[in-house]
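**Student:** Quick one: the structure is below, questions incoming.
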Amino acid sequence: MIVVNLDVMMAKRKISSQELAEKLGITPANLSILKTNKGKAIRFSTLDKICEILNCTPGDILEYKVTL
Amino acid sequence: MKILGENGIGKFLKIFLQICFFGGTILLIILPFILQIVGLHLNATAYIIYPNGIALLVIVYQFIGLFDSLKSNNPFCLENTKRLKRAGVASLIEAVLWLLDLLVQTILVKSFEPVIILVLIFMFILFIGVSIALYILAELIRQATTYKEENELTI
Numbered sequence: 001m002i003v004v005n006l007d008v009m010m011a012k013r014k015i016s017s018q019e020l021a022e023k024l025g026i027t028p029a030n031l032s033i034l035k036t037n038k039g040k041a042i043r044f045s046t047l048d049k050i051c052e053i054l055n056c057t058p059g060d061i062l063e064y065k066v067t068l
Numbered sequence: 069m070k071i072l073g074e075n076g077i078g079k080f081l082k083i084f085l086q087i088c089f090f091g092g093t094i095l096l097i098i099l100p101f102i103l104q105i106v107g108l109h110l111n112a113t114a115y116i117i118y119p120n121g122i123a124l125l126v127i128v129y130q131f132i133g134l135f136d137s138l139k140s141n142n143p144f145c146l147e148n149t150k151r152l153k154r155a156g157v158a159s160l161i162e163a164v165l166w167l168l169d170l171l172v173q174t175i176l177v178k179s180f181e182p183v184i185i186l187v188l189i190f191m192f193i194l195f196i197g198v199s200i201a202l203y204i205l206a207e208l209i210r211q212a213t214t215y216k217e218e219n220e221l222t223i
């Protein structure tokens, strides 16, 4: 399964959810869905903005974990 | 005409169905007394009114819930799929009951009045059709709900 490690990157860059949501142009509720792995998909445009704001690569945010 | 929302058609249909539901329930309860007053009594085939009535009330009850979700602007939810499936099962039961009534009329009572036979066959086919239509509708709503959820959870 794909795991979103957004909270880890946010902690590293010391950015709050509210601030990131504002910069991304999405609602804090949608950001929370993404952070808690409840989302079903992520748009390339959103991923692009996240990488730009957090100065990272998609691999830092998305991780594949083997499910048993 | 507004379909969804607080003042949409769903609200008025819900009120109409609620009247049908309570009216139907009361009618089923007082039916033997009414027949007694008019001097009639329930015979073997007339008893089928009760399971038929209950199945119809189940269908109406499910539709009340369905129109309630229209009123609250949330028609695409899994609960509506369940409601339509329940109504479909009730409709299938209704069809079986009409078939039973047809068999009772022809085999037990040996009444071959063409009008009654035709009406019973028509009711049987009608409820089979309604049941199939409700199942298809339930599947459509389920798929629409899945697409809606996927769309909502795409960030």
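Protein chains in written order, with the working numbering: chain U, 1 to 68; chain A, 69 to 223. In this text, a Cβ means the ideal position worked out from N, Cα and C, and glycines have one as well.
Give the C-beta separation of Lys216 (chain A) and Phe144 (chain A) to the nearest angstrom, bearing in mind that I take them to be a contact with Cβ-Cβ under 8 Å.
**Tutor:** 5 Å
**Student:** Could you tell me whether any Cβ in chain A is nearer than 8 Å to the Cβ of Lys34 (chain U)?
**Tutor:** In the sequence as presented, Lys is not what sits at residue 34 (chain U); that position holds Leu. So yes, Leu34 (chain U) belongs to the interface.
**Student:** Distance check for Asn75 (chain A) and Val126 (chain A), CA to CA, integer angstroms please.
**Tutor:** 25 Å
**Student:** Between the C-alpha atoms of Ile15 (chain U) and Leu54 (chain U), what's the straight-line distance to the nearest angstrom?
**Tutor:** Ile15 (chain U) and Leu54 (chain U) have their C-alpha atoms spaced approximately 9 Å apart.
**Student:** Is there contact between the segment 31-49 of chain U and the segment 85-98 of chain A, where contact requires at least three CB pairs shorter than 8 Å?
**Tutor:** no
**Student:** According to DSSP, is Glu162 (chain A) part of a helix, a strand, or is it coil?
**Tutor:** Helix at Glu162 (chain A).
**Student:** With 8 Å as the limit, tell me which residues of the segment 211-222 of chain A have their beta carbon closer than that to any beta carbon of chain U; keep them in chain order.
**Tutor:** Glu217, Glu218, Leu221 and Thr222
**Student:** Which full runs of the alpha helix (DSSP H) of 4+ residues lie inside the segment 111-160 of chain A, going along the chain?
**Tutor:** Within the segment 111-160 of chain A, the runs of alpha helix (DSSP H) that reach at least 4 residues and sit entirely inside it are, in chain order, 117-139.
**Student:** Can you check whether the CB of Asn37 (chain U) is closer than 8 Å to the CB of Val8 (chain U)?
**Tutor:** no
**Student:** Where do the N-terminal and C-terminal ends of the beta strand (DSSP E) with Ile2 (chain U) fall, by residue?
**Tutor:** Ile2 to Val4 is the span of the beta strand (DSSP E), which, as asked, contains Ile2 (chain U).
**Student:** Would you report the Cα separation of Phe90 (chain A) and Phe101 (chain A), rounded to the nearest angstrom?
**Tutor:** 18 Å
**Student:** Under 8 Å, Cβ to Cβ, is there at least one residue of chain A near Ser25 (chain U)?
**Tutor:** First, the amino acid is wrong: residue 25 (chain U) is Gly here, not Ser. With 8 Å as the cut-off, Gly25 (chain U) does not count as an interface residue toward chain A.
**Student:** Helix, strand or coil, according to DSSP, for Glu181 (chain A) in the structure here?
**Tutor:** Residue state, collapsed to three classes: coil.
**Student:** Indicate whether the contact test is met: 3 or more Cβ pairs, each with one atom in the segment 141-160 of chain A and one in the segment 172-190 of chain A, closer than 8 Å.
**Tutor:** no
**Student:** Check the Cβ-Cβ distances between Gly42 (chain U) and every residue of chain A, and say whether any is below 8 Å.
**Tutor:** The amino acid occupying residue 42 (chain U) in the given sequence is Ile; Gly does not appear at that position. It does; some Cβ of chain A falls within 8 Å.
**Student:** Ile189 (chain A) to Glu147 (chain A), Cα distance in whole Å?
**Tutor:** 33 Å
**Student:** Go ahead and pull the three-state DSSP assignment for Leu68 (chain U).
**Tutor:** coil
**Student:** Against chain A, with Cβ distances strictly below 8 Å, would Asn30 (chain U) count as a contact?
**Tutor:** yes
**Student:** Starting from Lys38 (chain U), find everything on chain A with Cβ-Cβ shorter than 9 Å and list it in chain order.
**Tutor:** By Cβ distance, chain A contributes Leu221.
**Student:** Just to confirm the assignment, what range does the alpha helix (DSSP H) spanning Ile33 (chain U) have?
**Tutor:** Pro28 to Lys35
**Student:** Roughly how many angstroms separate the alpha carbons of Gly39 (chain U) and Ile209 (chain A), rounded to a whole number?
**Tutor:** A direct Cα-to-Cα measurement between Gly39 (chain U) and Ile209 (chain A) gives close to 21 Å.
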